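The structure appears right after this line, and notes come after that.
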Amino acid sequence: MTPIPPPEDETLRHHSFDGIQEFDKRLPNWWLLTLYGAIIFWVGYWAYYQWFHVGLDGPQEVTREMIKIEAARLVAAPTADNASLWKMSRNPVFVEAGRTTFNTLCASCHTEKMTGAIGPNLVDQLWIHGGTPTEIYATLEKGVLAKGMPAWVPVIGAKKSAEAVAYMLSFHKEGEPIEVQVAWIPQAPK
Amino acid sequence: MSDQKITIEFNDKVVRQFLLASVIWGAVGMVVGTLVAAQLNYWQVNFNLPWLTFGRLRPLHTNAVIFAFVGNMMFAGIYYSTQRLVKARLASDFLSQLHFWGWQLIIVAAAITLPLGFSRGKEYAELIWPINIAVTLIWVVFAVNFFWTLAKRREPSLYVAIWFYIATIITVAMLYIVNHLSIPTNWLHSYPVFGGVQDALVQWWYGHNAVAFFLTTPILGVMYYFLPKAAERPVYSYRLSVIHFWSLVFVYIWAGPHHLLNSALPGWLQNLGMTFSLMLWAPSWGGMLNGLLTLRGAWDKLRTDPVLKFFAAAVTFYGMCTFEGPLLSIKSVNALGHYTDWIIGHVHGGTLGWNGFMAAGMIYWLLPRLWSRPLHSVSLANLHFWLGMVGILLYVGAMWTSGITQGVMLNATTEGGTLLAYPNFIDTLNTIRPMMLMRVIGGSLYLVGWFLLMYNLWKTIATARPVNGTIEVFADEGAIVHEDKITLVGTFLNPPVAFSIFGVGFSCAWMFGGDFLSIAGMFGLLLCVVLAYAHFESRGKRWATWYDRLLVNSAPFTILVIIAVAVGGLVQIIPTVLVNRAANVEDRRQLPYTPLELAGRDIFVSEGCYNCHSQMIRTLVPDVLRYGDYSRLGESIYDHPFQWGSKRTGPDLARVGTKYPNIWHLRHMEDPRAISVGSNMPNYPWLFTTATDAAALPAKIAAQRQLGVPYPAWTDAQITADFDRQAKALAEDLQTAGGVIAPDKQIVALIAYLQKLGKYETVAPQSSATR
Numbered sequence: 100m101t102p103i104p105p106p107e108d109e110t111l112r113h114h115s116f117d118g119i120q121e122f123d124k125r126l127p128n129w130w131l132l133t134l135y136g137a138i139i140f141w142v143g144y145w146a147y148y149q150w151f152h153v154g155l156d157g158p159q160e161v162t163r164e165m166i167k168i169e170a171a172r173l174v175a176a177p178t179a180d181n182a183s184l185w186k187m188s189r190n191p192v193f194v195e196a197g198r199t200t201f202n203t204l205c206a207s208c209h210t211e212k213m214t215g216a217i218g219p220n221l222v223d224q225l226w227i228h229g230g231t232p233t234e235i236y237a238t239l240e241k242g243v244l245a246k247g248m249p250a251w252v253p254v255i256g257a258k259k260s261a262e263a264v265a266y267m268l269s270f271h272k273e274g275e276p277i278e279v280q281v282a283w284i285p286q287a288p289k
Numbered sequence: 042m043s044d045q046k047i048t049i050e051f052n053d054k055v056v057r058q059f060l061l062a063s064v065i066w067g068a069v070g071m072v073v074g075t076l077v078a079a080q081l082n083y084w085q086v087n088f089n090l091p092w093l094t095f096g097r098l099r100p101l102h103t104n105a106v107i108f109a110f111v112g113n114m115m116f117a118g119i120y121y122s123t124q125r126l127v128k129a130r131l132a133s134d135f136l137s138q139l140h141f142w143g144w145q146l147i148i149v150a151a152a153i154t155l156p157l158g159f160s161r162g163k164e165y166a167e168l169i170w171p172i173n174i175a176v177t178l179i180w181v182v183f184a185v186n187f188f189w190t191l192a193k194r195r196e197p198s199l200y201v202a203i204w205f206y207i208a209t210i211i212t213v214a215m216l217y218i219v220n221h222l223s224i225p226t227n228w229l230h231s232y233p234v235f236g237g238v239q240d241a242l243v244q245w246w247y248g249h250n251a252v253a254f255f256l257t258t259p260i261l262g263v264m265y266y267f268l269p270k271a272a273e274r275p276v277y278s279y280r281l282s283v284i285h286f287w288s289l290v291f292v293y294i295w296a297g298p299h300h301l302l303n304s305a306l307p308g309w310l311q312n313l314g315m316t317f318s319l320m321l322w323a324p325s326w327g328g329m330l331n332g333l334l335t336l337r338g339a340w341d342k343l344r345t346d347p348v349l350k351f352f353a354a355a356v357t358f359y360g361m362c363t364f365e366g367p368l369l370s371i372k373s374v375n376a377l378g379h380y381t382d383w384i385i386g387h388v389h390g391g392t393l394g395w396n397g398f399m400a401a402g403m404i405y406w407l408l409p410r411l412w413s414r415p416l417h418s419v420s421l422a423n424l425h426f427w428l429g430m431v432g433i434l435l436y437v438g439a440m441w442t443s444g445i446t447q448g449v450m451l452n453a454t455t456e457g458g459t460l461l462a463y464p465n466f467i468d469t470l471n472t473i474r475p476m477m478l479m480r481v482i483g484g485s486l487y488l489v490g491w492f493l494l495m496y497n498l499w500k501t502i503a504t505a506r507p508v509n510g511t512i513e514v515f516a517d518e519g520a521i522v523h524e525d526k527i528t529l530v531g532t533f534l535n536p537p538v539a540f541s542i543f544g545v546g547f548s549c550a551w552m553f554g555g556d557f558l559s560i561a562g563m564f565g566l567l568l569c570v571v572l573a574y575a576h577f578e579s580r581g582k583r584w585a586t587w588y589d590r591l592l593v594n595s596a597p598f599t600i601l602v603i604i605a606v607a608v609g610g611l612v613q614i615i616p617t618v619l620v621n622r623a624a625n626v627e628d629r630r631q632l633p634y635t636p637l638e639l640a641g642r643d644i645f646v647s648e649g650c651y652n653c654h655s656q657m658i659r660t661l662v663p664d665v666l667r668y669g670d671y672s673r674l675g676e677s678i679y680d681h682p683f684q685w686g687s688k689r690t691g692p693d694l695a696r697v698g699t700k701y702p703n704i705w706h707l708r709h710m711e712d713p714r715a716i717s718v719g720s721n722m723p724n725y726p727w728l729f730t731t732a733t734d735a736a737a738l739p740a741k742i743a744a745q746r747q748l749g750v751p752y753p754a755w756t757d758a759q760i761t762a763d764f765d766r767q768a769k770a771l772a773e774d775l776q777t778a779g780g781v782i783a784p785d786k787q788i789v790a791l792i793a794y795l796q797k798l799g800k801y802e803t804v805a806p807q808s809s810a811t812r
């Protein structure tokens, strides 16, 4: 509880400005504590980061974090060479996961049957940006921004991308002919 | 003392003028505010017209409410209260009129030039250089008028309100001049002398302290006069006034870098910005306490008196915002809240709650005293209060929700922290759409409240007679007793000032000195604190007596204020200007813009793109995941002005260069929704029909060279040739992709600029340390 203030605390200063008078009350203790507390925090914070350099600065911190993320990505990423991708395309676990990803993200342009609409057909043997597994994966990695195909790997990650490629490849056979297609004429989505 | 009495009539005419101007400009500023808020939700209300587009109108809104609405209100309050507090009529009727009309002319000039796209590209400092000079001159007129009045005062001692007015006049002049230093390239365009990180630091030293010394200190002064008057109660605590005034004006200046946390600003400045912001909490709350506790014993009047309602709510909002400010300055909180609507909510709590309600309370209190008639309707004023209150709560609540929601979504990761949960920026924007609508509703309610004030004012004064206040004084009243005079030496040679100077000196030695100096500074600081404490405990009376004497000496008082507000800026800005230059840049240095790209950049600035797009990838994992490698200090070193931005209504652009093909940008600027479904960005059709001002380039490049950007000594013909060559190549590339556009159009220059963003050269690390 607030103690009863000493009587002199309620006395007014003798001066009056245009009728305005002033008490001279003591500063509240909790207020002084916040003031002193902030000052002490400043000393500690400065010593931690600037004097003893214990704390990392922004660039050091983010670099360290990004290295960890890169490492985690490398561990999580499946090997995306031709042989492995073909192997995945024959593994139902990968294909099933890839189907979900494809139908959520890719089907709006390529259709669920992959016969093409806004984006090109993916089940025929005509390919604009290359039809080997690694070439297909590279298209997902870089995107075809001018045509509206986003770069998916940075967005959904290496694992889901590889699964989606595996799902696509499950409609193809290793060694089938790959023909070059110049452009895809967009068709209305069915 | 002779007992002959004379009557002084106050200059209340200029008070009435400023008051009416504030009411009118306030309405204009708020109408524009409501419009820009609606534009964020409904892109159609940009009307495809250049001068009605968000990027140009948002600066108009901020400048109008700060400088026109609060500015005029502040002048009315300062002139009314100062004359009464010092028992003297304003020194010069001519200067008063010059001040009033000059200021209105500046506002009109701003209201014309900003929608036309004439902008310096720095927030709250957008006005072009001829207007900057006018502002400076009129501010000097104000200062002369004010200090001349002080010199003629019949009340020797300066009341706390006057302290705040002095700090306002001095500091705004200092901030304004430094942040507006520019090299003109023609009558309507200039480049700021500072570039990149230097410009960022100077800008936010200005921006933060414009909030402090334009929107806070003068209004605190107004509070110290009008609140005890309206409550008819003594001010709660004089010693709290003393402590919170000096700590506020000293600490505020240091906190500017909290607008640049986690950016490319050197770490020591960020740490100063954060810690001093936290230290600012108590001084700010000192003002709130003195306001609220003055109402002790008058709370019952709040039920009936709209004036006190407004004041009590305003001071409460002040307390809320000055708690929120330090909170947002904590680096980790800032990582979430910065660039989002949370900041918008924070500033509107301050402007609508603190400034707007202080203005309304003051106006309702003044009307019957400046005109010979009681307020037309008290119940309308009460209705205004409640409409305004609900409006603010809706507005601020919506912006908190919106900002935190978007911040959380933008920072959310998935797959063990390796991927963004919402990689598409537009998803986060469309999630907060309902909150953006709520803001429009809240803002509109507040505006309706303001219209009620205008109606009430009109009904009160339409048939009323203006009256000027008078006072009877003794002819020779107010002469300062000789022994109370303080000399220049005496200004510094006294315990409070001497201990403060030593304390600050030792602190700086500790913070910035080398190993030995740091330790010496630490011990010096400790010793200084102990000695000051001991001295105060034993000779505290002498401190108090000295301060009472200082209050009758306006010049020494002003000198001490100048020193207190100058220290923070000097410590932060001078090293940055000396060290963080292009020549000293390590790792990466920006590639200078070609003539076409520079022209495109000026279009970017002129359209106010920085109001929604930052160019600063922070040292935060979600920023790096979303936009690429974090921005280095050297990557914007030639940018006059810097364009780091303060709000991301759209995504960051620091590394947008070559991310998309040229045709993408062409289609996007033509109709953003064709590329990005659900976008709220305006269309920019005029960029496809307006020609780029290539003729201005030689003067612009000459100015850039003067500022140290390494352009070769090109002739005008070489500049034109380079411009034409690049524009033609870009237009040809667009044509190949199906976009037909003449090379001389603005869109071509703008695309060239956007494609340059993020391009740098690698600098070999220097062996010798520069710090």
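So the sequence lines, in the order shown, correspond to chains B and D. Residue numbers for the first sequence follow our numbering, beginning at 100 and rising by one. Residue numbers for the second sequence follow our numbering, beginning at 42 and rising by one. The beta carbon of each residue, even a glycine, is placed where N, CA and C say it ideally should be. Keep in mind that this is a model prediction, so the values were computed, not measured.
Counted within 10 angstroms of its Cβ, other Cβ atoms place residue i as buried (16 or more) or exposed
| i | result |
| --- | --- |
| Asp180 of chain B | exposed |
| Ile788 of chain D | buried |
| His523 of chain D | exposed |
| Arg506 of chain D | exposed |
| Trp142 of chain D | exposed |
| Lys46 of chain D | exposed |
| Trp427 of chain D | exposed |
| Ser809 of chain D | Residue confidence for Ser809 of chain D is low, a pLDDT of 47 falling below 50, so the modelled location carries little weight; the figure read from the coordinates is stated next. Under this definition Ser809 of chain D is an exposed residue. |
| Trp228 of chain D | exposed |
| Leu718 of chain D | Per the sequence presented here, residue 718 of chain D reads as Val, with Leu not at that position. Its Cβ having fewer than 16 others within 10 Å, Val718 of chain D is exposed. |
Reduced DSSP secondary structure (H/G/I, E/B, other) of residue i
| i | result |
| --- | --- |
| Thr110 of chain B | coil |
| Tyr496 of chain D | helix |
| Lys289 of chain B | Reliability of the predicted coordinates at Lys289 of chain B is poor, the pLDDT of 45 falling under 50, and the value obtained from them is presented with this limitation in mind. Looking at Lys289 of chain B - three-state DSSP - the assignment turns out to be coil, as it is neither helix nor strand. |
| Thr635 of chain D | coil |
| Asn227 of chain D | strand |
| Ala305 of chain D | coil |
| Ile119 of chain B | strand |
| Thr257 of chain D | coil |
| Glu278 of chain B | strand |
| Tyr217 of chain D | helix |
| Met710 of chain D | helix |
| Trp412 of chain D | strand |
| Lys246 of chain B | helix |
| Tyr266 of chain B | helix |
| Thr316 of chain D | helix |
| Tyr247 of chain D | helix |
| Leu699 of chain D | It is worth fixing the name first, because residue 699 of chain D is Thr in this sequence and not Leu. Three-state DSSP puts Thr699 of chain D in coil, outside helix and strand. |
Expected contact under 8 Å - CB spacing of residue i and residue j to nearest Å
| i | j | result |
| --- | --- | --- |
| Phe205 of chain D | Tyr265 of chain D | 7 Å |
| Phe140 of chain B | Met213 of chain B | Contact flag wrong, Cβ pair sits at about 60 Å. |
Inset, instruction - Residues of the segment 766 to 783 of chain D with a CB closer than 7 Å to any CB of chain B: list them in chain order, please. - result: Ala778
Inset, instruction - Kindly provide the ranges of any alpha helix (DSSP H) runs that are 4 or more residues long and lie completely inside the segment 472 to 558 of chain D, ordered along the chain. - result: Within the segment 472 to 558 of chain D, the complete alpha helix (DSSP H) runs of at least 4 residues are 474 to 502, 529 to 533 and 536 to 553.
Legend entry - alpha helix (DSSP H) segments (min. 4 residues) lying fully within the segment 98 to 149 of chain D: 112 to 126
Inset, instruction - Could you run through the segment 231 to 263 of chain B and flag, in chain order, every residue whose CB is less than 8 Å away from some CB of chain D? - result: Leu244, Ala245, Pro253, Val254, Ile255, Gly256 and Lys258
Inset, instruction - Could you list the residues in the segment 157 to 172 of chain B with a C-beta less than 7 Å from some C-beta on chain D, going in chain order? - result: Gly157, Pro158, Glu160, Val161, Glu164, Met165, Ile168, Ala171 and Arg172
Inset, instruction - Please name the residues in the segment 532 to 560 of chain D whose beta-carbon is closer than 7 Å to at least one beta-carbon of chain B, in chain order. - result: Met552 and Ser559
Legend entry - Near-chain D residues of the segment 140 to 155 of chain B (beta-carbon distance less than 8 Å), N- to C-terminal order: Phe140, Trp141, Tyr144, Trp145, Tyr148, Gln149 and Trp150
Legend entry - Residues of the segment 678 to 708 of chain D with Cβ closer than 7 Å to any Cβ of chain B, in chain order: Tyr701, Pro702, Ile704 and Trp705
Legend entry - 4 or more residues per run - each alpha helix (DSSP H) lying fully within the segment 601 to 656 of chain D: 636 to 647
Inset, instruction - Jot down the residue ranges of each uninterrupted alpha helix (DSSP H) in the segment 378 to 457 of chain D, minimum 4 residues, whole runs only, in chain order. - result: 382 to 389, 398 to 411 and 419 to 452
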